[in-house]
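There are 2 protein chains.
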Amino acid sequence: MKKTLLAKLFFFLTITSLSAQEAIFRAGQLTSPEIEGDVVTFRFYAPNAEKVEITGDFLPTEKVESPMGKVDSPGKSELTKKENGVWEFKSGKLQPELYSYSFLVDGLPATDPNNPFLIRDVASVTNIFIIEGAHADLYRVQKVPHGTVAKRWYPSDGLLMERRLTVYTPPGYESSAEKYPVLYLLHGAGGDEEAWISLGRTAQIMDNLIQQGKAKPMIVVMPNGNVIQDAAPGEGTLGFYKPQFMIPKTMDGTYEENFMEIVNFIDKNYRTVPQKSHRAIAGLSMGGFHTMHVSRFFPDTFDFIGLYSAAIMPREDATGKVYKDIEGTLKVQRDNGYKLYWIAIGKTDFLYDANQEFKKLLDGIDMSYTYVESEGGHIWRNWRVYLSQFAPQLF
Amino acid sequence: MKKTLLAKLFFFLTITSLSAQEAIFRAGQLTSPEIEGDVVTFRFYAPNAEKVEITGDFLPTEKVESPMGKVDSPGKSELTKKENGVWEFKSGKLQPELYSYSFLVDGLPATDPNNPFLIRDVASVTNIFIIEGAHADLYRVQKVPHGTVAKRWYPSDGLLMERRLTVYTPPGYESSAEKYPVLYLLHGAGGDEEAWISLGRTAQIMDNLIQQGKAKPMIVVMPNGNVIQDAAPGEGTLGFYKPQFMIPKTMDGTYEENFMEIVNFIDKNYRTVPQKSHRAIAGLSMGGFHTMHVSRFFPDTFDFIGLYSAAIMPREDATGKVYKDIEGTLKVQRDNGYKLYWIAIGKTDFLYDANQEFKKLLDGIDMSYTYVESEGGHIWRNWRVYLSQFAPQLF
Numbered sequence: 001m002k003k004t005l006l007a008k009l010f011f012f013l014t015i016t017s018l019s020a021q022e023a024i025f026r027a028g029q030l031t032s033p034e035i036e037g038d039v040v041t042f043r044f045y046a047p048n049a050e051k052v053e054i055t056g057d058f059l060p061t062e063k064v065e066s067p068m069g070k071v072d073s074p075g076k077s078e079l080t081k082k083e084n085g086v087w088e089f090k091s092g093k094l095q096p097e098l099y100s101y102s103f104l105v106d107g108l109p110a111t112d113p114n115n116p117f118l119i120r121d122v123a124s125v126t127n128i129f130i131i132e133g134a135h136a137d138l139y140r141v142q143k144v145p146h147g148t149v150a151k152r153w154y155p156s157d158g159l160l161m162e163r164r165l166t167v168y169t170p171p172g173y174e175s176s177a178e179k180y181p182v183l184y185l186l187h188g189a190g191g192d193e194e195a196w197i198s199l200g201r202t203a204q205i206m207d208n209l210i211q212q213g214k215a216k217p218m219i220v221v222m223p224n225g226n227v228i229q230d231a232a233p234g235e236g237t238l239g240f241y242k243p244q245f246m247i248p249k250t251m252d253g254t255y256e257e258n259f260m261e262i263v264n265f266i267d268k269n270y271r272t273v274p275q276k277s278h279r280a281i282a283g284l285s286m287g288g289f290h291t292m293h294v295s296r297f298f299p300d301t302f303d304f305i306g307l308y309s310a311a312i313m314p315r316e317d318a319t320g321k322v323y324k325d326i327e328g329t330l331k332v333q334r335d336n337g338y339k340l341y342w343i344a345i346g347k348t349d350f351l352y353d354a355n356q357e358f359k360k361l362l363d364g365i366d367m368s369y370t371y372v373e374s375e376g377g378h379i380w381r382n383w384r385v386y387l388s389q390f391a392p393q394l395f
Numbered sequence: 001m002k003k004t005l006l007a008k009l010f011f012f013l014t015i016t017s018l019s020a021q022e023a024i025f026r027a028g029q030l031t032s033p034e035i036e037g038d039v040v041t042f043r044f045y046a047p048n049a050e051k052v053e054i055t056g057d058f059l060p061t062e063k064v065e066s067p068m069g070k071v072d073s074p075g076k077s078e079l080t081k082k083e084n085g086v087w088e089f090k091s092g093k094l095q096p097e098l099y100s101y102s103f104l105v106d107g108l109p110a111t112d113p114n115n116p117f118l119i120r121d122v123a124s125v126t127n128i129f130i131i132e133g134a135h136a137d138l139y140r141v142q143k144v145p146h147g148t149v150a151k152r153w154y155p156s157d158g159l160l161m162e163r164r165l166t167v168y169t170p171p172g173y174e175s176s177a178e179k180y181p182v183l184y185l186l187h188g189a190g191g192d193e194e195a196w197i198s199l200g201r202t203a204q205i206m207d208n209l210i211q212q213g214k215a216k217p218m219i220v221v222m223p224n225g226n227v228i229q230d231a232a233p234g235e236g237t238l239g240f241y242k243p244q245f246m247i248p249k250t251m252d253g254t255y256e257e258n259f260m261e262i263v264n265f266i267d268k269n270y271r272t273v274p275q276k277s278h279r280a281i282a283g284l285s286m287g288g289f290h291t292m293h294v295s296r297f298f299p300d301t302f303d304f305i306g307l308y309s310a311a312i313m314p315r316e317d318a319t320g321k322v323y324k325d326i327e328g329t330l331k332v333q334r335d336n337g338y339k340l341y342w343i344a345i346g347k348t349d350f351l352y353d354a355n356q357e358f359k360k361l362l363d364g365i366d367m368s369y370t371y372v373e374s375e376g377g378h379i380w381r382n383w384r385v386y387l388s389q390f391a392p393q394l395f
């Protein structure tokens with residue numbers, strides 16, 4: 001009993017969580033990713049592999065054939081076999097960004113056992129890292145006042161269940177008596193109330209923008225847009241199951257019809273300014289579709305509307321009453337007035353043409369909007385940037 | 001443009017996040033784990049592997065030699081190669097529990113690409129699943145009223161930084177004017193403010209116990225016990241880095257000395273009953289060490305004390321003023337009185353002897369306690385059970 005307790009605990013942990021097996025121990029003892037400035041070295045222990053590759057959004061995209069024509073797919077690079085069964089890949093100089101990656105070991109996907117930071121996107125789990133600087137500094141936790149992130153449940157009379165949502169309240173919310181404006185921020189298909197706070201870095205972006213004086217302190221509400229779920233997979237009564245991209249009823253109007261339940265819950269439970277002038281709504285992809293329809297179905301509710309890579313193409317299965325007379329309700333929304341109708345899309349987004357058609361529809365009824373065209377496609381990198389650009393224009 | 005939008009989105013997602021490569025697609029298209037009652041089938045796609053094994057706490061433990069003698073290590077089983085490169089393992093009948101597992105492909109650790117539910121324990125990430133029934137039903141999200149879980153930052157004057165903690169408020173907290181008792185729940189070495197809420201299933205356990213009338217509605221505060229961190233790895237200003245088990249200054253007294261900052265913050269910011277009679281403190285392993293020392297250093301603050309597999313052995317590096325005159329301050333705590341001093345330890349825990357010695361110390365000064373001895377060792381399975389047993393005895 002001469003060894004220090006910590007040393008004993010450490011040994012105990014090592015053998016129980018990593019197992020005593022040498023290979024496992026070594027697999028987890030590398031430094032990966034190793035970030036030196038803007039260059040990253042990735043390492044993977046695989047003594048018997050014939051080929052180890054890395055794939056991720058830090059690599060140049062490759063064009064892949066698809067029913068929508070050629071689309072971007074994350075690139076791949078081979079790692080080089082070094083000593084002692086360790087494979088290595090050193091990146092070129094990377095621009096500041098939050099990147100995700102995974103390995104392919106003889107063609108099979110593997111996460112990095114030396115990087116415990118993972119993000120789930122629908123059913124895929126990948127490792128992440130950040131190259132500091134420029135806009136990526138908005139995604140880091142900085143030494144600034146921090147808002148609170150709460151996972152909270154609201155009663156849905158329309159959907160007959162308790163449902164979970166994520167609420168960001170800005171720094172100082174709890175200690176003041178002030179009333180705040182609200183941004184409703186909607187996820188895309190296959191996402192849920194976790195998407196914007198994890199993949200979207202909403203808390204970090206808002207903390208940093210508010211501290212820099214670039215965005216007003218605001219509440220950000222991130223609901224779950226999948227009306228058959230009460231919460232994200234693994235967080236609700238459906239238990240653990242593999243998340244799917246195509247979820248029934250997400251785009252049949254039920255969500256939009258019941259959206260005011262969420263607004264009313266927030267107005268009742270938080271110190272909001274419950275007025276159109278202090279409400280914004282924005283969403284990515286399917287959430288942009290929801291945003292467009294919610295904001296015109298309740299045409300005097302939101303003064304700020306953001307469509308990020310919005311999936312606003314006409315849909316055969318959009319049969320709900322929400323989707324009746326789209327042009328008519330847009331005209332009502334136009335006549336009621338609003339302060340910002342913001343449309344952002346990437347040049348290579350497969351929804352690019354759909355967004356151009358939507359712009360024509362708006363042009364046709366003299367409905368004003370601000371249009372932003374970015375590089376890249378239908379990716380989280382763009383949606384974080386869109387949020388960073390949209391939030392400063394609010395309230 | 002005749003295909004439905006959802007089909008297009010689905011195809012797009014498939015090729016971009018899984019890549020077009022057939023092997024990757026197939027690796028992620030299995031059902032694993034497949035839970036049928038109390039039997040679980042695990043599947044892994046690895047056409048060229050020579051051996052695929054599974055390791056996890058659902059398998060019988062193996063004895064492994066260590067400096068502390070023989071200790072339990074998670075067992076292993078081989079998967080059988082089936083058709084089309086798929087390996088399979090069917091478990092025996094499993095008792096209700098939350099289990100974790102990972103694969104070993106030719107000796108190398110791999111997570112299950114078909115199960116996006118992962119839990120990080122220090123730097124290890126493993127997949128999880130639940131076998132329903134008995135006490136494991138406490139760990140599931142049930143159709144009951146749900147509390148709110150908030151990640152919030154408090155100013156630490158003692159540690160000179162903003163620090164993050166996790167706060168569970170019970171169902172009804174926001175809609176009532178009631179004041180609530182508080183349980184402070186401390187993590188072990190290598191853990192942080194995420195440990196109890198993820199590995200410990202605290203929100204689910206509390207929601208279910210409260211709904212069943214077995215525990216009183218209470219606030220549960222889960223602070224970060226690593227005084228050099230402001231937040232969990234990846235959640236604080238230190239950014240993404242590999243978590244370590246041995247973190248400097250976690251057991252040097254700094255945390256205990258500054259603990260009342262947390263209590264005062266909670267009393268100021270939540271509707272608490274700020275009295276000893278309405279305060280409990282409990283912790284696992286290092287958190288049990290912290291609990292023992294905090295509760296006697298502030299000997300008139302907590303009426304309920306819980307030591308779960310507590311690391312309360314004498315330590316050479318415990319030089320802080322908190323550790324002076326342990327017996328004397330315990331006597332003060334004894335004389336001040338308290339309602340419950342609860343000690344729980346597993347029969348095979350490597351801290352078993354240390355806890356017996358601590359009991360002797362308490363016996364020697366006529367300090368009363370309740371002692372519970374469970375099966376098993378130094379594992380989360382026990383700590384979830386201990387919380388489930390401790391919470392009903394509070395307030």
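Same order as they appear, the protein sequences are chains E and B.
Start counting the first sequence at 1; every next residue gets the next number (full-length UniProt numbering).
Start counting the second sequence at 1; every next residue gets the next number (full-length UniProt numbering).
We treat Cβ as the ideally placed atom computed from N, Cα and C, and that holds for glycine.
Bear in mind that the values here come from a model prediction, so they are computed numbers and not experimental data.
Discussion item. Please list the terminal residues of the continuous beta strand (DSSP E) segment that includes K90(E).
Written reply: Run containing K90(E): V86 to K90, per the beta strand (DSSP E) assignment.
Worksheet item: Is any beta-carbon of chain B found at less than 8 angstroms from that of V322(E)?
Response: Chain B contact via Cβ: absent.
Worksheet item: With burial defined as no fewer than 16 other Cβ atoms inside 10 Å of the residue's Cβ, what is the status of I379(B): buried or exposed?
Response: I379(B) is buried by the Cβ-count criterion.
Practice prompt. Could you check which residue in E174(B), G364(B), R43(B) and A203(B) has the C-alpha nearest to that of F103(B)?
Written response: The residue with the shortest Cα to Cα distance from F103(B) is R43(B).
Practice prompt. Name, please, each residue of chain E whose Cβ falls closer than 7 angstroms to the Cβ of T111(B).
Written response: By Cβ distance, chain E contributes T111.
Worksheet item: Quick one: is G92(B) near chain E, going by C-beta distance under 8 angstroms?
Response: No, its Cβ sits nowhere closer than 8 angstroms to a Cβ of chain E.
Discussion item. Assuming the contact rule is C-beta atoms closer than 8 angstroms, L330(B) and R296(B) should be a hit. Round their C-beta distance to whole Å, please.
Written reply: Contact holds; Cβ gap of about 5 angstroms.
Discussion item. Counting only C-beta atoms, is F42(B) closer than 8 angstroms to chain C at any point?
Written reply: The displayed structure is made up of protein chains E and B, and chain C is not among them.
Discussion item. On the criterion of 16 or more Cβ atoms from any shown chain inside 10 Å, does T31(B) qualify as buried, or is it exposed?
Written reply: Counting of Cβ neighbours within 10 angstroms places T31(B) among the exposed residues, the total staying below 16.
Worksheet entry | Selection of the stretch 231-246 of chain B by Cβ proximity to chain E, strictly under 8 angstroms | Cβ contacts with chain E: A231, P233, G234, E235, G236, T237, G239, F240, K242, P243, F245 and M246.
Practice prompt. Could you check if E162(B) is buried or exposed, using at least 16 other CB atoms within 10 Å of its CB as the buried criterion?
Written response: So E162(B) ends up on the buried side.
Worksheet item: Checking contacts by CB at 8 angstroms: is T148(B) closer than that to chain E?
Response: For T148(B), the answer is yes, since a Cβ of chain E falls inside 8 angstroms of its Cβ.
Worksheet entry | Cutoff 8 angstroms: P116(E) Cβ touching any chain B Cβ | Yes, its Cβ sits closer than 8 angstroms to a Cβ of chain B.
Worksheet entry | Span of the beta strand (DSSP E) around M222(E) | Counted as a single uninterrupted DSSP element, the beta strand (DSSP E) harbouring M222(E) occupies residues I219 to M222.
Worksheet item: Got a sec: which bits of the stretch 287-317 of chain B sit with their beta carbon under 8 angstroms from any beta carbon on chain E, in order along the chain?
Response: For the stretch 287-317 of chain B, the set of positions with a beta-carbon nearer than 8 angstroms to some beta-carbon of chain E reads A311, M313, R315, E316 and D317 in chain order.
Item to complete: Kindly say whether E174(B), judged by its beta-carbon, lies nearer than 8 angstroms to any beta-carbon of chain E.
Response: The Cβ of E174(B) sits closer than 8 angstroms to at least one Cβ of chain E.
Practice prompt. Using a Cβ cut-off of 7 angstroms, pull out every chain B residue sitting near V125(E), in sequence order please.
Written response: In chain order: P116 and L118.
Practice prompt. Name, please, each residue of chain B whose Cβ falls closer than 8 angstroms to the Cβ of Y45(E).
Written response: Residues of chain B passing the Cβ test: L108.
Worksheet item: Closest by CA to P181(B), which one among L199(B), A150(B) and A215(B)?
Response: Nearest of L199(B), A150(B) and A215(B) to P181(B), Cα basis: A215(B).
Worksheet entry | Cross-strand partners of K70(E) (DSSP beta bridge) | Per DSSP, E65(E).
Discussion item. Taking the alpha-carbon of G320(B) as reference, which of Y255(B), A310(B) and I119(B) has the nearest alpha-carbon?
Written reply: Here the closest residue by C-alpha is Y255(B).
Discussion item. So, with DSSP's three-state summary, where would you put P47(B)?
Written reply: DSSP places P47(B) in coil when its eight states are reduced to three.
Worksheet item: H378(B): beta carbon under 7 angstroms from a heavy atom of the ligand PLP?
Response: Annotation note on the ligand PLP: not contained in the displayed structure, which lists no ligands.
Worksheet item: Within 8 angstroms (strictly less), CB to CB, does Q21(B) reach chain E?
Response: Residue confidence for Q21(B) is low, a pLDDT of 49 falling below 50, so the modelled location carries little weight and cannot support an answer.
Worksheet entry | Buried versus exposed call for N84(E) [16 or more other C-beta atoms within 10 Å across all chains shown] | So N84(E) counts as exposed.
Worksheet item: Could you give the distance in angstroms between the alpha-carbon of K76(E) and the alpha-carbon of G287(E)?
Response: Their backbone Cα atoms lie some 30 angstroms apart in a straight line.
Practice prompt. Use the C-beta contact count for L361(B): other C-beta atoms within 10 angstroms, 16 or more gives buried, fewer gives exposed.
Written response: Per the 10 Å Cβ criterion, exposed.
Discussion item. For a cutoff of 8 angstroms on Cβ pairs, would you count V227(B) as touching chain E?
Written reply: For V227(B), the closest Cβ of chain E is not nearer than 8 angstroms.
Item to complete: For Q229(B), count neighbouring C-beta atoms within 10 Å of its own C-beta (all shown protein chains included) and say buried if the count is 16 or more, exposed if not.
Response: It is buried - the Cβ of Q229(B) has at least 16 other Cβ atoms within 10 Å.
Worksheet item: Comparing the C-beta of V263(E) with each C-beta of chain B, is any distance below 8 angstroms?
Response: No, its Cβ sits nowhere closer than 8 angstroms to a Cβ of chain B.
Worksheet item: For E174(B), which option in I131(B), L183(B) and M218(B) has the closest C-alpha, if you only look at C-alpha atoms?
Response: Closest by alpha carbon: M218(B).
Worksheet entry | Contact belief for R140(E) with I130(E) at Cβ below 8 angstroms, rounded distance in angstroms | Yes, R140(E) and I130(E) are in contact; Cβ-Cβ is about 6 angstroms, under 8 angstroms.
Worksheet item: Can a CB atom of chain B be found closer than 8 angstroms to the CB of Q142(E)?
Response: It does; some Cβ of chain B falls within 8 angstroms.
Worksheet item: Buried or exposed: Q275(E), going by 16 or more other Cβ atoms within 10 Å of its Cβ?
Response: A residue is called buried when at least 16 other Cβ atoms come within 10 angstroms of its Cβ; Q275(E) does not meet this threshold and is exposed.
Fill in: Min CB distance A195(B) to chain E below 8 angstroms
False, the Cβ-Cβ gap to chain E never drops below 8 angstroms.
Fill in: Status (buried if at least 16 other CB within 10 Å, exposed otherwise) for D192(B)
Residue burial annotation: D192(B) is buried, with at least 16 other C-beta atoms found within 10 angstroms of its C-beta.
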